[in-house]
Amino acid sequence: MRPIKLRYNKETMSTPSVHRIAIVVRPGSTDTLSEGAVIQQWLKSHGVSSTVTTTDNQHLRRKISQGEYDLLIALGGDGTMLRAGHLTAAVGIPVIGINLGRVGFLTEISPGEWRERLPLLAQGKFWIERRMMLRAAHWRGEECLGTWDVLNEVVVCRGMAVRPLHLTAVVDEEWQAEYTADGLIASTATGSTAYALAAGGPILPPELRNILVLPVAPHLSVDRAIVLPEGARVALGAHTNHDAIFSVDGQKPVALVEGDWVRVEVGPYSANFIRFQDPGYFYRNLTKYMEKNPAAGGDL
Numbered sequence: 254m255r256p257i258k259l260r261y262n263k264e265t266m267s268t269p270s271v272h273r274i275a276i277v278v279r280p281g282s283t284d285t286l287s288e289g290a291v292i293q294q295w296l297k298s299h300g301v302s303s304t305v306t307t308t309d310n311q312h313l314r315r316k317i318s319q320g321e322y323d324l325l326i327a328l329g330g331d332g333t334m335l336r337a338g339h340l341t342a343a344v345g346i347p348v349i350g351i352n353l354g355r356v357g358f359l360t361e362i363s364p365g366e367w368r369e370r371l372p373l374l375a376q377g378k379f380w381i382e383r384r385m386m387l388r389a390a391h392w393r394g395e396e397c398l399g400t401w402d403v404l405n406e407v408v409v410c411r412g413m414a415v416r417p418l419h420l421t422a423v424v425d426e427e428w429q430a431e432y433t434a435d436g437l438i439a440s441t442a443t444g445s446t447a448y449a450l451a452a453g454g455p456i457l458p459p460e461l462r463n464i465l466v467l468p469v470a471p472h473l474s475v476d477r478a479i480v481l482p483e484g485a486r487v488a489l490g491a492h493t494n495h496d497a498i499f500s501v502d503g504q505k506p507v508a509l510v511e512g513d514w515v516r517v518e519v520g521p522y523s524a525n526f527i528r529f530q531d532p533g534y535f536y537r538n539l540t541k542y543m544e545k546n547p548a549a550g551g552d553l
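For the sequence shown, this note's numbering assigns the number 254 to the initial residue and increments by one for each residue that follows.
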């Protein structure tokens, strides 16, 4: 993957182009906020002003949409990186992650290393990794009820009732498969190391621009993942007499009724992550993370 340079000055971090940094943490993370304040003071000592806040801060969202930040530093785990990616993708602001969570497939800096790593920005020793995102739309008849940008996955699945659903996947207006399963996942390459991995799907390199479709706990049904090309459009439908829902990147679920479809295709945005390591980092981290079983709790 060819490195893509930002507009940062290679000599100093105090240029106007990097003078506006937001340090973001997940809501309710008091310890992480404290660490953010430490980083804020360190940046200030290097002539860079910053703001520390949570990812759900509406004032932050407004300032990002207006292009008032040049960089987001995400403190936490992959959940915080997902939130940061959602915040910044539409305006192209890059994100760098400091791992204070349990795994950290998406983060770049290990705990305790940020003092050594952040100066590399001033030296221009980084590249930007662009992660493809999807666009999901909820359709009821001829009406679109909403759209979402997706960094990990879209999941159509059962609700409270512990019963499988009858699910249908349609690709480019052609019937593709029917399933009896707990759910169907439409995932990006980024999401292939998340829920899709837990469901037995393949691991896709982060630079791939494909859509991965696979069932969750299929019963007497197709149990293999399907990898679709970038230009494909897939529609997921649930047919049931009990609850069915869909969720995007683990966000609040949305109820589905009979006849609803969730249509998924490659979206207009990419999440931009700053990397200091060479592109082979993904495979090194994959081996490291696959060998450990993180304890429950905390921020993934």
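In this text, a Cβ means the ideal position worked out from N, Cα and C, and glycines have one as well.
Assigned secondary structure, residue i (DSSP; H/G/I helix, E/B strand, else coil)
i	result
residue 429	strand
residue 285	helix
residue 331	helix
residue 260	Here residue 260 scores only 41 on pLDDT, less than 50, and its place in the model should not be relied on; the value that follows carries that caveat. In the structure shown, residue 260 sits in coil (DSSP, three-state: anything other than H, G, I, E or B).
residue 532	coil
residue 290	helix
residue 538	helix
residue 456	coil
residue 413	coil
residue 497	strand
residue 474	coil
residue 506	coil
residue 312	helix
residue 322	coil
residue 406	strand
Cβ-heavy atom distance, residue i to the ligand FAD, below 7 Å
i	result
residue 417	Inclusion of the ligand FAD in the displayed structure is not the case, the ligand content being empty and no account of it being possible.
Counterpart residues of residue i in DSSP-defined beta bridges
i	result
residue 468	437
residue 272	Paired residue(s): none; residue 272 is not in a bridge.
residue 350	327
residue 396	393
residue 362	351
residue 317	None; residue 317 has no bridge partner.
residue 492	419
residue 517	389 and 487
Minimum C-alpha distance to residue i - residue among the options
i	options	result
residue 327	312, 305 and 316	305
residue 353	379, 285, 407 and 416	285
residue 397	517, 529 and 322	517
Residues near residue i by beta carbon distance below 6 Å, same chain, minus five either side
i	result
residue 534	none
residue 393	513
residue 340	317
Residues near residue i in its chain [Cβ-Cβ closer than 8 Å; skip 5 each side]
i	result
residue 442	384, 385, 457, 458, 459, 460, 461, 462, 463 and 465
residue 508	412, 496, 497 and 498
7 Å CB neighbourhood of residue i in its chain, flanking five on each side removed
i	result
residue 476	468
residue 523	342, 383, 384, 385 and 386
Inter-residue CB distance, residue i and residue j (contact presumed, cutoff 8 Å)
i	j	result
residue 346	residue 325	6 Å
residue 362	residue 350	7 Å
residue 434	residue 417	6 Å
residue 496	residue 436	Incorrect: roughly 12 Å between the Cβ atoms, too far for contact.
residue 525	residue 348	7 Å
residue 357	residue 279	Contact doesn't hold; Cβ gap of about 14 Å is too wide.
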